[in-house]
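Undergrad: For the sequence shown, UniProt numbering assigns the number 1 to the initial residue and increments by one for each residue that follows.
Cβ coordinates follow ideal geometry from the N, Cα and C atoms, glycine included.
Dropping the structure in here first, questions after.
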Amino acid sequence: MNESTHHTPLFPALYVVATPIGNLGDITLRALDILQRVDRIAAEDTRVSGQLLAHFNISRPLMSVREHNEREAAEGVIARIVAGDAIAYVSDAGTPAISDPGARLVAAVRAAGLRVVPIPGVSAVTAALSVAGIESGDWLFHGFPPPKAGARRAQLQALARLPCALVFYEAPHRIEETLADMAAVFDDARQVTLARELTKRFETIVTLPLGEAPAWLAADPNHVRGEFVVVVHAPAAATAASDAEALRVLEILAADLPPPLAAKLAAKITGRTKAELYQMTLARK
């Protein structure tokens, strides 16, 4: 069956469709084709998605599937797919289920034995990484840090010595606090790329030492506006060598032991904390 023509009906499934994060020109031809041909579009916010669809002259029935009703709404989506419908799911911007609603819906549809089809496209995390210059190619996506200071610092502490770049999302009203915590917890000479308002009119991308990031934000009121992707580059070589030895010990133990126990024993051998070694275990997966 060839799905590329408008005359061929789509098979019953959930189509997870990436949409632009700012520049509407970033939508893919395949996304437009799918959105035009599905029976119904499930959306995180029907008002936001309605504007996008109107821009491209697409008129399809909309249903709300947002974070607070996702489990219940999934039942309605499943019933429609079982009845033979093709349903698209879109979040407000970017790729659904990447620090956005959608994961619960996808899990429920798959658990029901139904097909889920990715329609790839824009993602803020990959857009930021493409311009950050992470030469090793090793990175861990963390999403949004905890909003409360204590929990945020504890989580950053656990991630601090991972031998890879760390990628976070952050909202404008918390970016100053988060970068101040990162500068305090991580090595303040460690490089960070701040990608603000990606693909939009006031897109800004800057790379500088973490210790200088708070001053950069304070230098211009516009610097704290808009959504951020924060890419903390990998630790310096000396730290990386220490991390490599810790990983070597961890991998030997993890081959025969469950991750929590491997991390506990590796902590005793290397002097590192159990929390950061356990994070290393998860990152290696």
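(1) What are the uninterrupted segments assigned as alpha helix (DSSP H) that are 4 or more residues long and contained completely in the UniProt domain "RsmI HTH" (240 to 285), given in chain order?
(2) Only counting the same chain, and skipping five residues up and downstream in sequence, which positions put a Cβ closer than 8 Å to that of tryptophan 216?
(3) Return helix, strand or coil for glycine 76, following the three-state DSSP convention.
(4) Where does arginine 66 fall in DSSP's three states?
(5) Quick one: is glutamine 279 buried, meaning 16 or more other Cβ sit within 10 Å of its Cβ, or exposed?
(6) Do you know how far the Cα of valine 65 is from the Cα of glycine 76?
(7) Following the continuous beta strand (DSSP E) through isoleucine 205, name the residue where it begins and the one where it ends.
(8) Under DSSP, the alpha helix (DSSP H) around arginine 37 begins and ends at which residues?
(9) DSSP three-state label for valine 16, please.
(10) Could you check which residue in Gly84, Gly226, Ala124 and Gly271 has the C-alpha nearest to that of alanine 93?
(11) Measure from the alpha carbon of alanine 171 to the alpha carbon of each residue in Arg225, Pro101 and Gln155, then state which is nearest.
(12) Going by CA-CA distance only, name the one from Val90, Ile78 and Ala127 that's closest to alanine 111.
(13) For a quick check, are the C-beta atoms of isoleucine 87 and arginine 30 less than 8 Å apart?
(14) Excluding sequence positions up to five away, which residues of its chain have a Cβ less than 7 Å from the Cβ of lysine 274?
(15) Among residues of its own chain, excluding the 5 on either side of leucine 277, which ones have a beta-carbon nearer than 7 Å to its beta-carbon?
(16) Are valine 109 and serine 49 closer than 8 Å when you measure CB to CB?
(17) Taking the alpha carbon of threonine 19 as the reference point, which residue from Leu32, Leu129, Glu177 and Pro221 has its own alpha carbon closest?
(18) Roughly how far, in whole angstroms, is the beta-carbon of leucine 210 from the beta-carbon of alanine 183, given that I think they are within contact range, below 8 Å?
(19) With a threshold of 16 other CB atoms inside 10 Å of the CB of glutamate 44, please say whether the residue is buried or exposed.
(20) Quick check on the DSSP output: what are the complete alpha helix (DSSP H) runs of length 4 or more inside the region 138 to 164, in order along the chain?
(21) Taking just the CA atoms, how far does phenylalanine 186 sit from arginine 272?
(22) Which word fits proline 221, buried or exposed, when buried means at least 16 other C-beta atoms lie within 10 angstroms of its C-beta?
(23) In or out: leucine 162 buried (at least 16 other Cβ within 10 Å) or exposed?
(24) Count the other CB atoms, across all protein chains shown, that sit within 10 Å of the CB of glycine 150; report buried if there are 16 or more and exposed otherwise.
(25) Where does threonine 193 sit, in a helix, a strand or coil, going by DSSP?
(26) Helix, strand or coil for glutamate 170? Go by DSSP, reduced to three states.
(27) In angstroms with no decimal places, state the Cα-to-Cα distance between valine 131 and glutamine 191.
TA: In short:
(1) 259 to 270 and 274 to 284
(2) Leu194, Val206, Leu208 and His223
(3) helix
(4) coil
(5) buried
(6) 10 Å
(7) 204 to 209
(8) 29 to 37
(9) strand
(10) Ala124
(11) Arg225
(12) Ile78
(13) no
(14) Ala263, Lys264 and Ala267
(15) Ala246, Leu250, Ala263, Ala266 and Ala267
(16) no
(17) Leu32
(18) 5 Å
(19) buried
(20) 149 to 159
(21) 15 Å
(22) exposed
(23) buried
(24) exposed
(25) strand
(26) strand
(27) 14 Å
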